[in-house]
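Residue numbers (UniProt numbering): 1 to 289.
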């Protein structure tokens, strides 16, 4: 077992609030901490705001941090609609409205990065700088989509320790960091009433036909005017550095930083470097009050 302490211990000395916010009728779970320019954190497919538990304290030194469960995820409401990228983007903007955030820095991991990029391209007035953290399968590889669907569906249909642990372990390079607490937390999400239906709505983006409407493409990525930091890793199971370089070529104002010794969750495996990169990149400008 690694030396990672519990999620609660990570937040124990951090002034924060955890509450639910109404976003156009969607009860949305939100954690907020710190002060300064607004920074909104978005988790990945099937995830929840605890994905950033190891980063909140560090980021809250410089930013007013908002982490939340996207619609259909975590402990937010589970309406019976396909959770496509535009739906998730609208939910993000609705949350910002509900919290009185005119514009913000956005940082998203995996699916969250996809939503961040889409929002930056289609609603540039709401976005300052963005961080795309292992945004996931830029090349739309069928085998990556099939693996994600299979492992997630198996864990939801049979939320045993083994299946849920395997789904969580897929996120990590260092498998010893898969704690019992993380597995129990993810099982809590997967066993929520209505989540079996919700996971089908989440996984629509792994269907090639649906995905084609939102796939990463220079036609819309090239419209992103916000300065962009690509955070990649050397062990990301969704795509190699060739995909990072491809995405970097589409971005009008992008730069790349590679975190070594991490998988799909560098914010958990390498929190110090993750926070430092955000402070250095986002700290270069201040969001006007």
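Every residue gets a Cβ at the ideal spot worked out from N, C-alpha and C, and that includes glycine.
Remember, it's a predicted structure, so these values are computed and weren't measured experimentally.
Range covered by the beta strand (DSSP E) that runs through residue i
i: residue 22; result: 16-23
i: residue 107; result: 104-109
i: residue 255; result: 254-259
i: residue 68; result: 64-68
i: residue 128; result: 127-133
i: residue 32; result: 26-33
Residue nearest to residue i in terms of C-alpha spacing, selected from the options
i: residue 92; options: 180, 71, 79; result: 71
i: residue 103; options: 187, 155, 159, 64; result: 64
i: residue 176; options: 219, 261, 46, 122; result: 261
i: residue 88; options: 59, 264, 42; result: 42
i: residue 196; options: 159, 210, 206, 163; result: 159
i: residue 249; options: 268, 222, 236, 85; result: 222
i: residue 45; options: 73, 19, 66; result: 73
i: residue 247; options: 269, 142, 216, 35; result: 216
i: residue 280; options: 58, 213, 206; result: 58
i: residue 231; options: 192, 19, 109; result: 109
i: residue 138; options: 98, 245, 122, 83; result: 245
i: residue 252; options: 130, 82, 12, 278; result: 130
i: residue 7; options: 40, 83, 184, 278; result: 184
Cβ separation of residue i and residue j, assumed to be a contact under 8 Å, to the nearest whole Å
i: residue 24; j: residue 56; result: So it is not a contact: roughly 26 Å between Cβ atoms.
i: residue 101; j: residue 38; result: 5 Å
i: residue 120; j: residue 226; result: 5 Å
i: residue 255; j: residue 282; result: At roughly 13 Å, the Cβ-Cβ gap does not stay under 8 Å, so residue 255 and residue 282 are not in contact.
i: residue 114; j: residue 135; result: 6 Å
i: residue 198; j: residue 18; result: 21 Å between Cβ atoms; not a contact.
Proximal residues to residue i (C-beta, below 7 Å), its chain only, five neighbours per side dropped
i: residue 178; result: 165, 168, 169, 172
i: residue 237; result: 170, 263, 264
i: residue 190; result: 155, 156, 159, 164
Closer than 7 Å: residue i CB and nearest the ligand FMN heavy atom
i: residue 255; result: Inclusion of the ligand FMN in the displayed structure is not the case, the ligand content being empty and no account of it being possible.
Residue i versus residue j: straight-line alpha-carbon distance, rounded
i: residue 10; j: residue 182; result: 13 Å
i: residue 149; j: residue 107; result: 24 Å
i: residue 289; j: residue 208; result: At residue 289, the pLDDT of 34 sits below 50, so the modelled position is not reliable and the matter cannot be decided from this model.
i: residue 61; j: residue 152; result: 35 Å
i: residue 80; j: residue 202; result: 10 Å
i: residue 263; j: residue 132; result: 14 Å
i: residue 211; j: residue 27; result: 26 Å
i: residue 105; j: residue 85; result: 18 Å
i: residue 90; j: residue 239; result: 27 Å
i: residue 242; j: residue 219; result: 19 Å
i: residue 29; j: residue 49; result: 8 Å
i: residue 143; j: residue 15; result: 43 Å
Limits of the alpha helix (DSSP H) - the one that residue i falls within
i: residue 162; result: 161-169
i: residue 11; result: 7-11
i: residue 202; result: 195-202
i: residue 231; result: Run containing residue 231: none in the alpha helix (DSSP H); it sits in the beta strand (DSSP E), 228-233.
Beta-carbon contacts of residue i that lie in its chain and below 6 Å, excluding the five residues immediately before and after
i: residue 51; result: 43
i: residue 75; result: 29, 69
i: residue 285; result: Note on residue 285: pLDDT 43, under 50, position unreliable in the model; no value is reported.
i: residue 293; result: No answer is possible for residue 293: the residues shown for the chain start at 1 and end at 289.
i: residue 186; result: 164, 168
Residues near residue i by beta carbon distance below 8 Å, same chain, minus five either side
i: residue 1; result: Residue placement at residue 1 cannot be trusted, given a pLDDT of 43 that sits under 50; what the coordinates show is reported in the next sentence. Within the same chain, residue 1 has close Cβ partners 176, 179.
i: residue 287; result: Because the pLDDT at residue 287 is just 39, under 50, the model does not fix this residue reliably, and the point stays unresolved.
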